Amino acid sequence: MTSTTQNVLLAALLAAPFALPVAAEAQPKADRTIAAVDTDSDGTIDLAETKAAAAAVFDKLEKDADNTLDAKELKGRLSRQELKKADPDNDGTLTKDEYLAVVEARFKAADPDNDGTIDAKEMRSPAGKALAKLLK
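All letters in the sequence shown, in the order written, are residues -26 to -1, 1 to 110 by mature numbering (1 follows the signal peptide of the UniProt record, and there is no 0).
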């Protein structure tokens, strides 16, 4: 074995303990999100389950009884730019239907195989993580 090969193997062995906790941490978060939303316990979430969970989140976040969410109530779930894009009437708030439209768009982005469901692997993707922010 050459010294270069030995150095690469040594570096990989030394880095492995640090990489595993990150991967292990991402997996349980995705699994917890799926478990919380998966009402039929099939190990995936579909759009209906996702929208039902998102509607409950909307109701929990909506504090001032105006049936909309503003930036403060959204608590960082959407950036200012995302809020503006999701707000077709430009009133600075999202109705439940507008919020659920964002959820649906993020669901579709997190479902690259277009099978109508999201599994834990898809939930760990950047698009899946963006969706998960709207479900907490």
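Yeah, the Cβ is synthetic: ideal placement off N, Cα and C, and Gly gets one too.
The model shown is predicted, which means the values in this text are computed figures rather than measured ones.
Asked                                                                                                                                               : Found
Going by other Cβ atoms of all chains shown within 10 Å of its Cβ, with 16 needed for buried, is Gly50 buried or exposed?                           : exposed
So if DSSP puts Leu43 in a beta bridge, which residue, or which two residues, is it bridged to?                                                     : Leu68
Which residues in the same chain have their Cβ closer than 8 Å to the Cβ of Asp61, if we skip the five residues on either side of it in sequence?   : Thr67, Leu68 and Glu72
Should Gly102 be labelled buried (16 or more other beta-carbon atoms within 10 Å of its own) or exposed?                                            : buried
Just curious, the alpha helix (DSSP H) that Ala27 is in, first and last residue?                                                                    : Leu21 to Leu35
Should Pro(-6) be labelled buried (16 or more other beta-carbon atoms within 10 Å of its own) or exposed?                                           : Residue confidence is low: Pro(-6) scores 48 on pLDDT, short of 50, so the model does not pin down where it sits. Its coordinate-derived value is still stated next. Exposed is the call here.
With burial defined as no fewer than 16 other Cβ atoms inside 10 Å of the residue's Cβ, what is the status of Thr13: buried or exposed?             : exposed
What is the rounded straight-line gap between the Cα of Leu57 and the Cα of Lys3?                                                                   : 25 Å
Around the C-beta of Ala9, are 16 or more other C-beta atoms found within 10 angstroms, so that it is buried, or is it exposed?                     : exposed
In chain order, what residues of the same chain lie with their CB nearer than 6 Å to the CB of Ala94, ignoring the 5 residues before and after it?  : Ala4, Asp5 and Ile8
Which same chain residues end up closer than 6 Å to Asp85 when comparing Cβ atoms and leaving out the 5 residues on each side of it in sequence?    : Ile92
Can you list, in chain order, the residues of its chain whose CB lies under 6 Å from that of Gly17, leaving out five sequence neighbours each side? : none
Which same chain residues end up closer than 8 Å to Arg80 when comparing Cβ atoms and leaving out the 5 residues on each side of it in sequence?    : Ala101, Ala104, Leu105 and Leu108
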